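Enquirer:
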Amino acid sequence: MTLFDIGHADAFDLITVDEDRQFLLGQRCPDGPRGIMQGVDQSLADRERRRLERGVLKRSSSPERALGAGDEEENGGDDGRDADFVPSAGISAQSACSPKRRRTPIMTPAVAAALDRTRISDRTAVHLFTAVHGADATPARSTVRRHRRSAQEKMAKEIKAEMTVNVPAVPLIIHWDGKLVEGMAGEGIAERLPILVSGDGIQKLLMVPKLAAGTGVLTGQAVYDAAKEWDLVDNIIGMCFDTTVSNTGLKEGACVHIMKHVKQNLLHFACRHHVLELVVGAFTVCFGPSSGPEIQLFKRFVKWWPLANQASSKLLDDPVDKIIATCHALLKEKQPRDDYREMVQLTIIVLGGEVEANIRKPGAYHRARWMAKVIYTLKITLFREEFALTKHEKRELIRFTTFIVTTYVEP
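Under the UniProt record's numbering, the first residue of the sequence shown is numbered 1, with each subsequent residue one higher.
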């Protein structure tokens, strides 16, 4: 047999090992190549032998298994563990071969609910479980996440099962109001939309979906999806919302899109708080528009406030006892908003009544806090003789304050 020689022309000059030269000469021998290119991969053979022996020990389930496997690994292994691995002193051969004990489950529905309520992430929960129960008893992060989702789904089904409405006998009003809130487990700030229904003794939070943006299209779709998921579309007869353009827009408002989805007209119940925001727009009628987000009259008052002498405040010339009595009755009721309570207290002070409250330091006054227009006006009225005002400002100040105390405060 003649071997096709593909060796380099200068092979003998390039080869430096004499044994390799002799092998090449043997392959070029006219009588045929001498020797064969075959050998035994001793390292591979040793690994296969050790792997086979480990499999036998594993099937035997003998106490020597833990120690035997460890001894073999000292000679070098190929199962992914370090060759110099030394078992921990706390792990005995008996514990290694004994059947696993049934552990008490750590991720119970109550624990999952507590993690959600305290906004603890899955990774942080694993660290806490490790510190309390030890590394051997701690579930993996994926297990924690799976149990949390399972608990949330189970709780949602139970809440929906408790919500029984006679369709379509019970009329309901659906409410929504977008808020920027922080995520439950470090997800960052997100646009959330609480959606509720009320009517006939029913007050139920349906869901709080996360929106990509607070547009009217996305808001309307989310409200409709919530009502459809709870099977309440036929019960909805009205909508309660704030007076932002994203809700009240004629073409792209959320109210318009909701009525398109339900294919019927619904009653519009604008939020009473935001309706009164429109009423207090009389401030612009008196003082004119502002060129920026800040109101310059209020900005001047904030700078002047450290010089104010509260003992020299001046009341309105014509106190109205009926309004003072009404304000005292309002203070006896629960006022969920601090700005409402402060407005009622300032009204009593301006009219000369007695109230257990001091005049607070002026707070935020940008246009997003529209109640500040009322509160600031009442405070400036009390110090109108000390605080520098033009004749026009003083005249319009008294005019707007009279409107507040006689017409605005009670509603």
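All residues carry an ideal CB built from backbone N, CA and C; glycine is no exception. It should be emphasised that the depicted structure is a prediction, and the values quoted were computed from it without experimental measurement.
1. Can you give me the Cβ contacts of V344 inside the same chain, cut-off strictly under 8 Å, excluding the 5 residues immediately before and after it?
2. Pop quiz: A226 and I195 are said to be a contact at Cβ under 8 Å. What is the actual Cβ separation, rounded to whole angstroms?
3. If you compare alpha carbons, which of G178, S291, Y224, F387 is closest to L306?
4. Residue 435 by DSSP, collapsed to three states: which one?
5. Could you tell me how far apart the beta carbons of R145 and L115 are, in whole angstroms, since I believe they sit closer than 8 Å?
6. Can you tell me whether K379 is buried or exposed, with buried defined as 16 or more other CB within 10 angstroms of its CB?
7. Could you check the C-alpha separation between D31 and L25 for me, to the nearest Å?
8. Measuring CB atoms only, is the stretch 108-125 touching the stretch 149-157, in the sense that at least three cross pairs come out at less than 8 Å?
9. Using 8 Å as the threshold, is the C-beta distance between E252 and V217 below it?
10. Sort out for me which residues DSSP pairs W176 with in a bridge.
11. For L211, which beta-bridge partners are listed by DSSP?
12. Buried or exposed, going by whether 16 or more other CB atoms sit within 10 Å of the CB of G188?
13. Can you tell me whether P362 is buried or exposed? The criterion is at least 16 other CB atoms within 10 Å of its CB, across all chains shown.
14. Using beta-carbon positions only, say whether C271 and F241 come within less than 8 Å of one another.
15. How many angstroms separate the CA atom of E293 from the CA atom of F287?
16. Going straight from the alpha carbon of K373 to that of L397, what length do you get?
17. What first and last residue would you give for the alpha helix (DSSP H) that runs through L278?
18. Could you please give me the residues that DSSP links to H268 through a beta bridge?
19. Using a Cβ-Cβ cut-off of 7 Å (strictly less than) and excluding sequence neighbours within five positions of V126, which residues of its own chain qualify?
20. Among residues of its own chain, excluding the 5 on either side of H274, which ones have a beta-carbon nearer than 7 Å to its beta-carbon?
21. With a CB to CB cut of under 8 Å and the five nearest residues on each side skipped, what residues in its chain are close to Y340?
22. To which residues does DSSP link E182 through a beta bridge?
23. At which residue ranges does the stretch 298-341 contain complete beta strand (DSSP E) runs of 3 or more residues, listed in the order of the chain?
24. If you run the structure through DSSP and keep just helix, strand and coil, what is I380?
25. Please check the pair F269 and M239, which I expect to be a contact at CB under 8 Å, by giving their CB distance rounded to whole angstroms.
26. According to DSSP, simplified to helix, strand and coil, what is K204?
27. Using 8 Å as the threshold, is the C-beta distance between W230 and K160 below it?
28. Helix, strand or coil: how does DSSP classify T30 here?
29. Using the Cα positions of E74 and D13, report the straight-line distance between them to the nearest angstrom.
30. Where do the ends of the alpha helix (DSSP H) carrying residue 413 lie?
31. Under 8 Å between the Cβ atoms of V256 and Y224?
32. Return the residue from the list A222, P171, N235 that minimises the CA-CA distance to N247.
33. Exposed or buried, what is N235 when buried is set at 16 or more other beta-carbons lying within 10 Å of its beta-carbon?
34. Going by DSSP in three states, D5 sits in which element: helix, strand or coil?
35. Apart from the five residues just before and just after M163, which ones in its own chain have a Cβ nearer than 7 Å to its Cβ?
36. Can you name, in chain order, every residue of its own chain whose Cβ lies under 6 Å from the Cβ of W176, other than the five neighbours on each side?
Expert: Taking the definition as stated:
1. Translated into positions along the sequence shown, residue 344 becomes position 344. These residues qualify, in order along the chain: C327, L330, L331, Q335, V409.
2. One-based indexing of the sequence shown puts residue 226 at position 226. One-based indexing of the sequence shown puts residue 195 at position 195. Indeed, because the Cβ distance is near 4 Å, the residues count as touching under 8 Å.
3. Reading the sequence shown from its first residue, position 306 is the one you call residue 306. With the sequence shown as reference, residue 306 is identified as Pro, and Leu is not the correct amino acid for it. Measuring from the Cα of P306, the nearest candidate turns out to be F387.
4. With the chain covering only 1 through 411, there is no way to say anything about residue 435.
5. On the sequence shown, position 145 is the one that residue 145 refers to. On the sequence shown, position 115 is the one that residue 115 refers to. Incorrect: roughly 10 Å between the Cβ atoms, too far for contact.
6. Here residue 379 corresponds to residue number 379 of the sequence shown, with the count starting at 1. Classification for K379: buried.
7. Position 31 of the sequence shown, counting from 1, holds the residue named residue 31. Position 25 of the sequence shown, counting from 1, holds the residue named residue 25. Distance between the alpha carbons of D31 and L25 is about 12 Å.
8. yes
9. In the sequence shown, the residue the question calls residue 252 occupies position 252. In the sequence shown, the residue the question calls residue 217 occupies position 217. In this structure, V217 lies closer than 8 Å to E252 by Cβ.
10. Indexing the sequence shown from 1 puts residue 176 at position 176. DSSP lists I195 as partners of W176.
11. Here residue 211 refers to the residue found at position 211 when the sequence shown is read from its first residue. L211 is bridged to E191.
12. Against the sequence shown, residue 188 aligns to sequence position 188. Around the CB of G188, fewer than 16 other CB atoms lie within 10 Å, so the residue is classed as exposed.
13. Here residue 362 is taken as the residue at index 362 of the sequence shown, counted from 1. Buried, because 16 or more other Cβ atoms sit within 10 Å of the Cβ of P362.
14. As a working note, residue 271 is residue 271 in the sequence shown. As a working note, residue 241 is residue 241 in the sequence shown. Yes, these two residues count as a Cβ contact at 8 Å.
15. To locate residue 293, count along the sequence shown from 1; it is residue 293. To locate residue 287, count along the sequence shown from 1; it is residue 287. Note on residue identity: the sequence assigns Pro, not Glu, to residue 293. Between P293 and F287, the C-alpha separation is close to 15 Å.
16. As a first step, residue 373 is located in the sequence shown; it is residue number 373 there, counting from the start. As a first step, residue 397 is located in the sequence shown; it is residue number 397 there, counting from the start. Distance between the alpha carbons of K373 and L397: 11 Å.
17. The residue you call residue 278 lines up with position 278 of the sequence shown. It spans 272-279 - the alpha helix (DSSP H) in which L278 sits, taken as one unbroken run.
18. Taking the sequence shown and counting its residues from 1, the one referred to as residue 268 is at position 268. Paired residue(s): M239.
19. Residue mapping note: residue 126 aligns to position 126 of the sequence shown, counting from 1. Cβ neighbours of V126 beyond the five flanking positions: T138, R141, V144.
20. As a first step, residue 274 must be located in the sequence shown, where it is residue number 274. Spatial neighbours of H274 in its own chain (CB-CB distance under 7 Å, excluding positions within 5 residues in sequence) are listed in chain order as D242, T243.
21. For the purposes of this step, residue 340 is taken as residue 340 along the sequence shown, with counting starting at 1. The beta carbon of Y340 sits closer than 8 Å to the beta carbons of M371 from its chain, once the five residues preceding and following it are set aside; these are given in chain order.
22. Locating residue 182 in the sequence shown gives position 182, where the first residue counts as 1. The partner list for E182 (beta bridge, DSSP) reads I189.
23. none
24. In the sequence shown, counting from the first residue as 1, residue 380 sits at position 380. DSSP places I380 in the helix class (H, G or I) of the three-state scheme.
25. One-based indexing of the sequence shown puts residue 269 at position 269. One-based indexing of the sequence shown puts residue 239 at position 239. Contact flag correct, Cβ pair sits at about 7 Å.
26. Within the sequence shown, numbered from 1, the residue matching residue 204 stands at position 204. Correct three-state label for K204: strand.
27. Sequence index remark: in the sequence shown, residue 230 carries index 230 (1-based). Sequence index remark: in the sequence shown, residue 160 carries index 160 (1-based). Contact flag set, yes.
28. On the sequence shown, residue 30 is found 30 positions in, with the first residue counted as 1. It is Pro, not Thr, that sits at residue 30 in the sequence shown. In the structure shown, P30 sits in coil (DSSP, three-state: anything other than H, G, I, E or B).
29. Here the question's residue 74 lines up with position 74 in the sequence shown. Here the question's residue 13 lines up with position 13 in the sequence shown. Only weak support exists for where E74 lies, its pLDDT of 43 falling under 50; the value from the coordinates is given anyway. Distance between the alpha carbons of E74 and D13 is about 44 Å.
30. Within the shown structure, residues of the chain are numbered from 1 to 411, placing residue 413 beyond reach of any answer.
31. The count along the sequence shown starts at 1 and reaches residue 256 at position 256. The count along the sequence shown starts at 1 and reaches residue 224 at position 224. For the pair V256 and Y224, the CB atoms are not nearer than the 8 Å cut-off.
32. Indexing the sequence shown from 1 puts residue 247 at position 247. It is A222.
33. The residue you call residue 235 lines up with position 235 of the sequence shown. Burial call: buried.
34. Counting from one through the sequence shown, the residue named residue 5 turns up at place 5. The answer is coil: DSSP assigns D5 none of H, G, I, E or B.
35. For this step, residue 163 is matched to residue 163 along the sequence shown. For M163, where only same-chain residues beyond five positions count, the Cβ hits under 7 Å are K204, W230.
36. Translated into positions along the sequence shown, residue 176 becomes position 176. Excluding residues within five positions, the ones whose Cβ falls inside 6 Å are L193, I195, V223.
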